[in-house]
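First the structure, in the form of structure tokens, and then the observations on it.
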Amino acid sequence: MKRSLYLLALVLFCGYLLQPVTCLLVNEVESGKILVVQRVEKGEEFTLIYTHSVHKSPVVEVFSVDPELGLVLKKTGFRDYGVGIPYSTPYDFNMDKDDFFWIENINEPLGSFTMRVQEIPNQRLVFGEKIINLLDKTRSGTLVRVEPVSGSRLKLWLKERF
Numbered sequence: 003m004k005r006s007l008y009l010l011a012l013v014l015f016c017g018y019l020l021q022p023v024t025c026l027l028v029n030e031v032e033s034g035k036i037l038v039v040q041r042v043e044k045g046e047e048f049t050l051i052y053t054h055s056v057h058k059s060p061v062v063e064v065f066s067v068d069p070e071l072g073l074v075l076k077k078t079g080f081r082d083y084g085v086g087i088p089y090s091t092p093y094d095f096n097m098d099k100d101d102f103f104w105i106e107n108i109n110e111p112l113g114s115f116t117m118r119v120q121e122i123p124n125q126r127l128v129f130g131e132k133i134i135n136l137l138d139k140t141r142s143g144t145l146v147r148v149e150p151v152s153g154s155r156l157k158l159w160l161k162e163r164f
């Protein structure tokens with residue numbers, strides 16, 4: 003009887019380790035060092051917030067995760083018009099009660115993207131209440147890739163550690 007319980011527990015544990023999951027992975031392009039592994043569900047949204055280098059005002063980009071398309075840009079928001087900020091768009095354009103401009107319903111598949119982590123724009127990833135400041139993970143000037151990866155829990159756990 004005890005042996006059967008141990009065997010059942012082992013089978014359940016192996017099933018758990020082999021369960022497929024999707025994570026958002028942020029790694030240094032040059033070294034391959036993994037900086038962030040954040041589990042995400044299909045369709046889940048996360049936010050990239052950064053400071054515009056000219057206007058010194060916040061820019062917000064909202065992405066969702068799609069297993070086939072990768073990262074999909076859903077909407078972008080900003081406070082000020084000017085250099086490097088869109089002034090016309092084929093997408094829905096709205097202003098919220100805080101005078102923040104939003105370009106919505108973009109739904110542009112990007113797959114993945116790279117960006118250079120800098121003090122300005124001070125990029126932060128937001129997953130619900132969790133905020134990850136990329137400058138806390140790597141030095142200023144580092145080129146990073148942001149991409150969704152899928153695999154078993156075990157594979158992603160090993161990838162994060164080795």
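Residue numbering for the sequence shown is 3 to 164, as defined by our numbering. Beta carbons are placed, not taken as given, at the ideal position from N, Cα and C, and that holds for glycine. All figures in this text were calculated on a predicted structure; none of them were measured in a lab.
- Cβ-Cβ distances below 7 Å link S55 to I122 and P123 in the same chain, with the five nearest sequence neighbours on each side left out; the list follows chain order.
- In the same chain as L71, and ignoring 5 residues on each side of it, the C-beta atoms closer than 6 Å to its own belong to P111, in chain order.
- In the three-state scheme derived from DSSP, where H, G and I count as helix and E and B as strand, L27 is classed as strand.
- Within its own chain, the residues whose Cβ lies closer than 6 Å to the Cβ of S59, once the five positions on either side in sequence are excluded, are R81 and D82, listed in chain order.
- D94 is not a Cβ neighbour of N109, given a cutoff of 8 Å.
- V28 counts as buried, since no fewer than 16 other beta carbons sit within 10 angstroms of its beta carbon.
- Residue state for R141 is assigned as coil, using DSSP reduced to three classes.
- With fewer than 16 other CB atoms across the displayed protein chains lying within 10 angstroms of its CB, Q21 is exposed.
- Here L136 is near R126, since their CB atoms are less than 8 Å apart.
- Spatial neighbours of R41 in its own chain (CB-CB distance under 7 Å, excluding positions within 5 residues in sequence) are listed in chain order as V23 and C25.
- Under the DSSP assignment, Y52 falls in the beta strand (DSSP E) whose first and last residues are E47 to T53.
- Here the alpha carbon of L160 sits roughly 29 Å from the alpha carbon of V64.
- Here K157 carries a helix assignment [DSSP, helix/strand/coil].
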